[in-house]
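Single-structure report; data block below.
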Amino acid sequence: MGSIDQKLLLKRARAVRLLILDVDGVMTDGRIVYTSSGEQVQAFHVHDGLGLKLLTKGGVDLAIISSRSSKALALRCRELGIASVFQGVSDKIEVYEKLKSDMEIDDSEVGYIGDDWVDIPLLKRVGFPVAVRNAAEPLADYAVYVTSRSGGFGAVREVCELILKAKDEWKGALASYLEKH
């Protein structure tokens, strides 16, 4: 898809009712670290977490679809209040179609953030396809927006703020923090 004009970008972002995220390389920096006892360790950026909470307050539903499974991800999603978490998924399109059906929404109302080839089928379907800055080639070709930040380093927050701004929710979200004593 490549780049589109700002007006069309904001129109697509404004339509998002469901934001779906990949995990490794999007919510994390993509590295997989194991402790000596075999436990997987993942690092999640705190800014992304607040962005996701703000997006939820702004009326956007969230879902996670990941090919891998992780206890750390389950814990992080509980902390963030994300109920639609699908781990160990081999067919992301199947889960995507079920989510759309359950929510009674169409492709144009869905955003997806990805970083690797397994994400291309979803990027080709959704109305607001996003690739993180450090995504594998050729993901940018299937995205209408490529983040300026890398996955695991605030890319998710950047997308959340873009959607909130497109929906005219960003100033209100910020004001709620400015008004606190």
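Per our numbering, numbering of the sequence shown is gapless, rising by one per residue and ending at 186.
Positions of the beta carbon are idealized from the N, C-alpha and C atoms, including for glycine.
On a predicted model such as this, the values are computed, not experimentally measured, just so you know.
Residue burial annotation: ILE87 is buried, with at least 16 other C-beta atoms found within 10 angstroms of its C-beta. By the Cβ test, the segment 122-129 is in contact with the segment 86-101, since at least three Cβ pairs between them sit closer than 8 Å.
In this structure, the beta-carbon distance from ASP112 to ALA141 does not fall below 9 Å.
Secondary-structure assignment with DSSP links PRO134 through a beta bridge to TYR117. In terms of CA proximity to VAL21, TYR117 leads the group ARG138, SER181, SER153, TYR117. Using a Cβ distance threshold of 9 Å, ILE25 and ARG17 do not count as a contacting pair. Taking all protein chains in view, the Cβ of GLU44 is surrounded by fewer than 16 other Cβ atoms within 10 Å, so the residue is classified as exposed. In terms of Cα proximity to GLY30, the closest of LEU85, LYS62, GLY159 is GLY159. Straight-line spacing of the CA atoms in GLY35 and SER155 works out to 10 Å. Taking ILE110 as the centre and dropping the five residues before and after it, the same chain places the C-beta of ARG22, LEU23 closer than 7 Å to its C-beta, in chain order.
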